[in-house]
Structures are given as C-alpha cells and as structure tokens.
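Here the working numbering runs 24 ahead of the position in the sequence shown, where the first position is 1.
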Amino acid sequence: NAIIRYPYFNRETDKENYFENLLCLYLPIRKRDDLKKPYELFYQIGEIFDNRQQCNLKVKDVVHENRRKYESNIKETGEAESLFNQLSLTLKDNDWVEIVANKESNNIWSREIEQEENPDFNVMYKTKNKNTFSDMRQTYCTTNEIRSLLESMNHEQQEIFYYVREWCMKRLHNPDVEPLRL
25 NAIIRYPYFN RETDKENYFE NLLCLYLPIR KRDDLKKPYE LFYQIGEIFD NRQQCNLKVK
85 DVVHENRRKY ESNIKETGEA ESLFNQLSLT LKDNDWVEIV ANKESNNIWS REIEQEENPD
145 FNVMYKTKNK NTFSDMRQTY CTTNEIRSLL ESMNHEQQEI FYYVREWCMK RLHNPDVEPL
205 RL
C-alpha cells in the first residue's frame, strides 16, 4: 500500500493547505467533514476516536505513525532527487546530444544485425510475419468478474465502454460501419 501522487505544499508559505493535505493523506477519516478547521490547530491538539482500540488518540500521533509507515523511504527518495537535480545542472546540453547520438547509432547497428541473412541470427532474432500487427488473444471472464469490473468504472469510463460495445455490435453485423473514433 502506497500513496503514489499527491500535491505538495510548503509548510512555511502555505500552512493551512500543508496541514489539510497531511491530515487527508494520513488520518483515517470517513468523510471530509471529520477534519476540523483550522487544520494546523486540529493537527496539534485534536483527538479522534479509534473504534478498534475503543479510545481517543491524538491526531498528531496517528498522522506521524501512518506517515512513518507510508513514507518509509522518504529520506532516500529526497537524497536521490537532490542528486538528480545536482547532476542535471552540471550536465551540459552537449552531453545529452552525445548520449542520444550514441543510442541512435546503437539502434541502427542493431537493426542492421537483425536484417542480416545469417541462420544463427534467425534463431536468436525470431521474426514475426510482417502482415500481422499484434497477437490477439480472446480472454474469458466469468459474468461475476465482468460485473465487478463494470461496477468499479466511473461514469465516463462506462460511457466509453458502452460506446465501444455498441460499435462492436454494429461492426459484427455490418462490416461497412465507419471506423471507431474516440
């Protein structure tokens, strides 16, 4: 379990958004109204009731515990990011041009090797029929699996799904149907 993306607010310049974001990410709440304004004060002295332990817990302690759990590698990530930023500043544009040129020459060389008429290479580089654009396999799912997938879609995803489904049904009965455009 991990939090992949979230907005970052500076603690000094945007305190209210910073603490609201912290509470939203790391405080287990059922609805947004459970957070009390001002968020910084709620973070510092607020308490929430824990149903599992049947007691009140300090908001700050819960947030710290959950943050520690989900940001276990935050220090290493910060170090890697600062190292990347440092290196990107020292690396010149000419170095990037050289890297791209070397990569392109390697790609050309690889393509030439693949196109050579050599029986040993045919074993290593199995070529596919040039007329096919992909290997298509039909997948089979049970009705319950499909139903759960459909129920998990949001409104926009459902509209697209049913639009594509309708086009497929038309195409099945009439091959002259216009190509699908989304």
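Just so you know, even glycine gets a beta-carbon here, dropped at the ideal spot from N, CA and C.
Check the C-beta distance from residue i over to residue j and give it rounded, since I have them as a contact under 8 Å.
i: K82; j: E71; result: 6 Å
i: R195; j: V201; result: 5 Å
When the Cα of residue i is compared with those of the options, which residue comes out closest?
i: E36; options: R29, D57, E64 and Y30; result: E64
i: F43; options: S96, V86, F66 and R56; result: F66
i: E52; options: E169, N90, E175 and M177; result: Correcting the residue type first, residue 52 is Pro in the shown sequence and not Glu. Considering only alpha carbons, the answer is N90.
Does the Cβ-Cβ distance between residue i and residue j come in under 8 Å?
i: L49; j: Y30; result: yes
i: W191; j: L173; result: no
How many angstroms separate the CA atom of residue i from the CA atom of residue j?
i: R135; j: V124; result: 17 Å
i: L113; j: A104; result: 14 Å
i: P62; j: R92; result: 24 Å
i: Y32; j: E183; result: 33 Å
i: D58; j: I69; result: 15 Å
i: E128; j: N178; result: 42 Å
i: N207; j: G102; result: Shown here, the chain extends from 25 to 206; a query on residue 207 therefore has no answer.
i: M193; j: V87; result: 51 Å
i: R56; j: N198; result: 50 Å
i: N126; j: Q110; result: 23 Å
i: R171; j: C165; result: 10 Å
i: Q139; j: W133; result: 10 Å
i: C79; j: F73; result: 6 Å
Would you list the residues sitting across from residue i in a DSSP beta bridge?
i: N80; result: F73
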